[in-house]
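Residue 3 is where the sequence shown starts when you use this note's numbering, and the numbers rise one by one after that.
C-beta atoms are modelled at their ideal positions from N, C-alpha and C, and glycine is treated no differently.
Keep in mind it's a predicted model, so treat the numbers as computed, not measured.
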Amino acid sequence: MPERLIIRTPGKPESEFSLNGQPLIIGSGESSDIVLDDSTVLPRHAYLTKASGHWRVSDYEEPGSIAPPPPSHAPVDLVDGSKFMVGGTKFELSVDSTPVEIPDDIPVDMENPEISVAQLHKAMERIKTEMARVVIGQSDVVGQILVALFARGHCLLVGTPGLAKTLMARTLAGSLELECKRVQFTPDLMPADITGTQVLENDPETSQRIFKFKAGPIFTNLLLADEINRTPPKTQAALLEAMQERRVTTAGQTYLLPEPFFVIATQNPIEQEGTYPLPEAQLDRFMFCIKVSYPTAEEEERIIMETTQDVSQDVVNVLSADALHDFQHLVRKTPVSRHVGAYVTRLVRSTRPDAPDAPDFIKNWVRWGAGPRAGQYLLLAAKSHALLQGRLNVSCDDVRAYALPVLRHRVLCNFAAASEGVDSDEIVRRLVAAVAEPDYAKGE
3 MPERLIIRTP GKPESEFSLN GQPLIIGSGE SSDIVLDDST VLPRHAYLTK ASGHWRVSDY
63 EEPGSIAPPP PSHAPVDLVD GSKFMVGGTK FELSVDSTPV EIPDDIPVDM ENPEISVAQL
123 HKAMERIKTE MARVVIGQSD VVGQILVALF ARGHCLLVGT PGLAKTLMAR TLAGSLELEC
183 KRVQFTPDLM PADITGTQVL ENDPETSQRI FKFKAGPIFT NLLLADEINR TPPKTQAALL
243 EAMQERRVTT AGQTYLLPEP FFVIATQNPI EQEGTYPLPE AQLDRFMFCI KVSYPTAEEE
303 ERIIMETTQD VSQDVVNVLS ADALHDFQHL VRKTPVSRHV GAYVTRLVRS TRPDAPDAPD
363 FIKNWVRWGA GPRAGQYLLL AAKSHALLQG RLNVSCDDVR AYALPVLRHR VLCNFAAASE
423 GVDSDEIVRR LVAAVAEPDY AKGE
């Protein structure tokens, strides 16, 4: 990704200096890499270095000579758009971002599978790069969201406040040129506040009063349902038809939602007062239940330093909505071997305590197992993951990689599991280790 410094000197035309990753010196001396004709600038005034993929500017000779320096005169971390001054000259770091273009003569279908998958893999890497410019850390969460998105699934993000759940959704929408709308779920939210309602209006031609449908925020590409468990089940149920069938029915009329349509819902696992736990039918509509954990110490330091600067980060559109919709169809067209399909079936059926081949710990700890929709989502996740990695072959390893986010909210623990401190994550991990792949040599 090309990087350059934009140089703005008073009374002179704007110029640029290309960066190649090597350290450089800014000063008035002839030995500096960027020489400024300014009597207030020291011979070696500022020093630019790049470490861990990030540029940093520091004073070279006299502390406090760079503006704006932090109080401790420590080095200043730069991101795309960061500005600083050396004497009377303004500098701005610029990182060029060119959207991934899908040529019109390359159809996104299985007639050109190798080319289409290569385009998809390239696009995914660019989306991750764009999101990493805004969202620090959480790379595993971003990867799971992308897998669900390309598989036409929905995600439930469970995590404490302040972990960038909302930011991830908005950044994803920006990188994919999707319309994003946010609904804050509260106890007084009504279904019509989400789906829309009939409004009585005057017809300008006939002067008669007629009912006209006013679409709600659900008519968008990416719906962010913030704190979905804070609204009653009646309002939660307003999402059921939309998430499953991509349409809304109100006052006897059915309205199709725009494509693609994707729901990201957030849930706070700590504060449970005044909340309404999601019914199993609602949970089952979510392809993934993703647990968002705290950042590492290094990531948290970057968050604190970079988000407290007066710099805004804008992402670049990587894919259009139409291209994303085509890639979603490509995922579903990807063939899967009978071996992988049989393994998915065996894994899902083993979650049910009344199944004859269920492991003993399932019968002891599980009240209800996963339904057929879990198998559908597990296979779609494996397909999506393989294609996003640039592969056309789907293996059982792809299935195992997404067993946890697909099954954790579909395996309901009983009292015995709760009393022993066992949760659904532990049960799914044991299940993946216990269930073997089919062995056709043994007639399985």
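Using DSSP's beta-bridge definition, name the partner residues of residue i.
| i | result |
| --- | --- |
| F200 | In the sequence as displayed, the identity of residue 200 is Gln instead of Phe. Looking at the DSSP assignment, Q200 forms a beta bridge with F215. |
| I255 | As written in the sequence, residue 255 is Gln, which differs from the Ile given in the question. Answer by DSSP bridge pairing, in chain order: T252. |
| K85 | E94 |
| C398 | DSSP lists no partner for C398. |
| A48 | I28, D61 |
| L159 | T268, I292 |
| F19 | L7 |
| L414 | W370 |
| I36 | I28 |
| V78 | V59 |
Could you tell me which of the options sits nearest to residue i, measuring between CA atoms?
| i | options | result |
| --- | --- | --- |
| D190 | Y257, I212, K214, R232 | R232 |
| E179 | D316, V350, V97, K385 | D316 |
| L7 | G31, S41, T51 | T51 |
| R412 | F215, A283, V160, E32 | A283 |
| Q140 | V338, T298, V424, L258 | T298 |
| E196 | F213, G176, R184, P219 | Here residue 196 turns out to be Ile, not Glu, going by the sequence shown. Of F213, G176, R184, P219, the residue nearest in Cα terms is P219. |
| V97 | A194, R354, L80, G145 | L80 |
| G373 | R410, C157, P206, M126 | R410 |
| D17 | F221, G176, V37 | In the sequence on display, residue 17 carries Ser and not Asp. The residue with the shortest Cα to Cα distance from S17 is V37. |
| M307 | R58, S41, P25 | R58 |
| Q186 | I266, S295, T353 | I266 |
| A153 | A344, A175, C182, A384 | A384 |
| S30 | Y49, L21, G13, G423 | Y49 |
| C291 | N366, G155, F263 | G155 |
| S421 | W367, P25, D356, L390 | W367 |
| F263 | L169, P206, A175, R431 | A175 |
Using the three-state DSSP reduction, which class does residue i fall into: helix, strand or coil?
| i | result |
| --- | --- |
| A267 | strand |
| M192 | coil |
| A403 | helix |
| A227 | strand |
| G31 | coil |
| I305 | helix |
| D61 | strand |
| Q186 | strand |
| I147 | helix |
| A153 | coil |
| L165 | coil |
| I8 | strand |
| R348 | helix |
| P369 | Residue identity check: residue 369 is Arg in the sequence provided, not Pro. Strand at R369. |
| D362 | helix |
| Q330 | helix |
| L380 | helix |
| V438 | Going by the sequence as given, residue 438 is Ala instead of Val. If DSSP states are grouped into helix, strand and coil, A438 belongs with coil. |
| I429 | helix |
Look at the alpha carbon of residue i and the alpha carbon of residue j, and state the distance between them as a whole number of angstroms.
| i | j | result |
| --- | --- | --- |
| L202 | L280 | 34 Å |
| N270 | K92 | 44 Å |
| D39 | V78 | 24 Å |
| L44 | I27 | 11 Å |
| T162 | D35 | 47 Å |
| L414 | F19 | 59 Å |
| P235 | T277 | 10 Å |
| I9 | V401 | 51 Å |
| G83 | R135 | 11 Å |
| Q246 | Q238 | 13 Å |
| V396 | Q200 | 47 Å |
| T252 | G198 | 8 Å |
| L406 | L380 | 10 Å |
| A419 | C398 | 28 Å |
| Q311 | R46 | 26 Å |
| L165 | I212 | 46 Å |
| N416 | A244 | 31 Å |
| P115 | L394 | 8 Å |
| G23 | Y62 | 18 Å |
| L148 | H387 | 9 Å |
| K167 | R184 | 12 Å |
| E5 | A150 | 32 Å |
| A435 | S60 | 51 Å |
| I117 | S426 | 40 Å |
My understanding is that residue i touches residue j, with C-beta atoms under 8 Å, so please give their C-beta distance in whole angstroms.
| i | j | result |
| --- | --- | --- |
| E229 | T268 | 6 Å |
| A346 | G377 | In the sequence under discussion, the amino acid at residue 346 is Val, which differs from the Ala named in the question. With 8 Å as the limit, V346 and G377 qualify as a contact, their Cβ atoms being about 5 Å apart. |
| M289 | V408 | 7 Å |
| L242 | R287 | 6 Å |
| E261 | H331 | Contact flag wrong, Cβ pair sits at about 10 Å. |
| V160 | K293 | 5 Å |
| V318 | E132 | 6 Å |
| P440 | R348 | 7 Å |
| P361 | L433 | 7 Å |
With a threshold of 8 Å, establish whether the CB of residue i neighbours any heavy atom of the ligand MN.
| i | result |
| --- | --- |
| D324 | Because no ligand of any kind appears in the structure shown, any question about the ligand MN cannot be addressed here. |
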